[in-house]
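Report on the structure given below.
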Amino acid sequence: MNELLQKLEKEHILSKKELIILLEDNEINSELFDLANKTREKHVGSKVHLRGLLEFSNVCSNNCKYCGLRIDNKNIERYNLTFDDILYSANIAKEAGYKTLVLQSGENQAYPRKQMKEIISKLKKMDFAITLSLGEKTFEEYKNYKEAGADRYLLRIETTDKELYKKMHPNMSFENRVRCLKDLKELDYEVGSGFLIGLPEQTISSYADDLLFLKQIEVDMAGIGPFIPNPDTPLANENEGNFLLALKIMSIMRLLLPDINIPATTAMEVLKPDGQIIALQSGANVIMPNITKPVYREKYSLYPGKNSNDNIAKENSETIKIKLQNINRGISEDFGISNAYLIKKSTF
Ligand code: SAM
Ligand code: SF4
Numbered sequence: 000m001n002e003l004l005q006k007l008e009k010e011h012i013l014s015k016k017e018l019i020i021l022l023e024d025n026e027i028n029s030e031l032f033d034l035a036n037k038t039r040e041k042h043v044g045s046k047v048h049l050r051g052l053l054e055f056s057n058v059c060s061n062n063c064k065y066c067g068l069r070i071d072n073k074n075i076e077r078y079n080l081t082f083d084d085i086l087y088s089a090n091i092a093k094e095a096g097y098k099t100l101v102l103q104s105g106e107n108q109a110y111p112r113k114q115m116k117e118i119i120s121k122l123k124k125m126d127f128a129i130t131l132s133l134g135e136k137t138f139e140e141y142k143n144y145k146e147a148g149a150d151r152y153l154l155r156i157e158t159t160d161k162e163l164y165k166k167m168h169p170n171m172s173f174e175n176r177v178r179c180l181k182d183l184k185e186l187d188y189e190v191g192s193g194f195l196i197g198l199p200e201q202t203i204s205s206y207a208d209d210l211l212f213l214k215q216i217e218v219d220m221a222g223i224g225p226f227i228p229n230p231d232t233p234l235a236n237e238n239e240g241n242f243l244l245a246l247k248i249m250s251i252m253r254l255l256l257p258d259i260n261i262p263a264t265t266a267m268e269v270l271k272p273d274g275q276i277i278a279l280q281s282g283a284n285v286i287m288p289n290i291t292k293p294v295y296r297e298k299y300s301l302y303p304g305k306n307s308n309d310n311i312a313k314e315n316s317e318t319i320k321i322k323l324q325n326i327n328r329g330i331s332e333d334f335g336i337s338n339a340y341l342i343k344k345s346t347f
């Protein structure tokens, strides 16, 4: 086996220089994917966790250059789901056997804190693990949501290149993003983060930094998402992220943090037919099917193809089950708490 892969398998760490060598060497790709697949099997098993993704509001006060929900995009109709709409999707998720709900939205104050807490605690009473992905909040807000019953929080760092971060996120700060991640850890959330692949000016060197950042903060979940240009954003004419590079980075993530949860992202499926199945065979162990009422899905348009593509995330759990059976994998029947989180708790 390639020496660096051997070292990565044994020690779960490499220097930045070594990561760059791996990322630049395409001869090792199939060995890397196989090793990530074996490591996933050994550390988190063969079962795939399904998380029902509920996109409950597309209102956003930020202006991230890559995202279709940015405030300057006037070409989409904005919505906030009512509690009945949320409940409708939660019931569908329950019937389909999902154990986790992911409540995702633009960054907004559309739901006052009290109302958000009520939503969380009502869904929690339905015996779901609750993941939130609402963007940057204060320590107090994160605390209130945790007390209301939230278990996990997803907040991607997007890129650790501070100059690029600044260019991509007008009126936001890298330091505040990191502060949020630290607050979430302190509050004992299971913390998910991640980054984009293929933003203009991202380099192999910056991906190595991104990987080491997630290793250093010991995330419990890591989402690696290729960038897909959205025609309604300033990055409309940029190239999309490279599927193979995203897959390599995701596989290396598995080897750096073998016990975490790693989703096969929807963006991977948009870039390549069966992209999610390929990701599940290269280190991933989670998929996040969309359970939002279909009428709203087109309006949650982060990037083209997200909802129109016939990807596995759109299908019901029966169809997903068949696709997984074809690769000798089954659907998990537990809450899918990250092993990395459980190990940290037991050694505390
Ligand atoms: N507003 C919250 C936040 O920014 O953390 C949560 C929702 S946001 C839409 C979820 C993720 O979508 C972001 O973390 C970003 O990485 C991803 N995203 C947005 N636009 C994208 C694009 N054009 N291509 C790929 N991923 C994109
Ligand atoms: Fe808003 Fe999140 Fe999109 Fe940024 S990535 S514009 S915060 S929804």
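Numbering that gives the first Met the number 0 puts the sequence shown at residues 0 to 347.
Positions of the beta carbon are idealized from the N, C-alpha and C atoms, including for glycine.
Closer than 7 angstroms by C-beta to residue i: which residues in its own chain qualify, once you throw out the five before and the five after it? Chain order, please.
i: L279; result: V47, A263, I326, R328
i: L244; result: I196
i: A235; result: P228, N229
i: I19; result: I203, S204, A207
i: P169; result: N62
i: S345; result: none
Closer than 8 angstroms by C-beta to residue i: which residues in its own chain qualify, once you throw out the five before and the five after it? Chain order, please.
i: I129; result: T99, L100, L102, I119, L122, K123, G148, A149, D150, R151
i: E54; result: Q103, S104, N289, T291, Y295, R296, Y299
i: Q5; result: none
One question on the structure: do residue i and residue j come within less than 8 angstroms of each other, judged by their Cβ atoms?
i: N79; j: S56; result: yes
i: I216; j: F194; result: no
i: L22; j: L13; result: no
i: M167; j: C63; result: yes
i: E135; j: N175; result: yes
i: F242; j: L270; result: yes
i: Y87; j: M115; result: no
i: F138; j: D182; result: yes
i: L31; j: K247; result: yes
i: K165; j: M125; result: no
i: R112; j: E146; result: no
i: H11; j: N338; result: no
Determine the burial state of residue i: buried for a count of at least 16 other Cβ atoms within 10 Å of its Cβ, exposed for fewer.
i: G282; result: buried
i: I321; result: exposed
i: A221; result: buried
i: K15; result: exposed
i: L255; result: buried
i: E40; result: exposed
i: N284; result: buried
i: L341; result: exposed
i: Q108; result: exposed
i: T232; result: buried
i: Q201; result: buried
i: T38; result: buried
i: D364; result: Outside the displayed span of the chain (0 to 347) sits residue 364, for which this structure offers no information.
i: F127; result: buried
i: G191; result: buried
i: P257; result: buried
Contact criterion: CB-CB distance below 8 angstroms. Does residue i meet it with respect to chain D?
i: G148; result: Going by chain labels, chain D is absent from the structure shown, which holds only one protein chain.
Which stretch, first to last residue, makes up the alpha helix (DSSP H) that contains residue i?
i: E162; result: 161–167
i: L323; result: 316–324
i: S88; result: 82–94
i: P352; result: Shown here, the chain extends from 0 to 347; a query on residue 352 therefore has no answer.
Which residue marks the beginning of the beta strand (DSSP E) containing residue i, and which one marks its end?
i: F194; result: 189–196
i: R77; result: Looking at the DSSP string, R77 is not in any beta strand (DSSP E), and its letter there is neither H nor E.
i: L52; result: 48–56
i: Y141; result: No beta strand (DSSP E) contains Y141, which is instead part of the alpha helix (DSSP H) from 138–147.
i: V269; result: No beta strand (DSSP E) holds V269; the alpha helix (DSSP H) holding it covers 265–270.
Does the distance between the C-beta of residue i and the nearest non-hydrogen atom of the ligand FAD fall short of 7 angstroms?
i: G240; result: The ligand FAD is not part of this structure, which contains only the ligand SAM and the ligand SF4.
Just to check my reading of the structure: residue i and residue j have Cβ atoms closer than 8 angstroms, yes? What is that Cβ distance to the nearest angstrom?
i: E189; j: D219; result: 4 angstroms
i: S316; j: L49; result: 6 angstroms
i: M287; j: L52; result: 4 angstroms
i: L154; j: C179; result: 6 angstroms
i: I261; j: M252; result: 6 angstroms
Ignore the nearest five residues each way along the sequence and tell me which others in residue i's own chain have a CB closer than 6 angstroms to its CB.
i: G240; result: I196, G197, P225, F226
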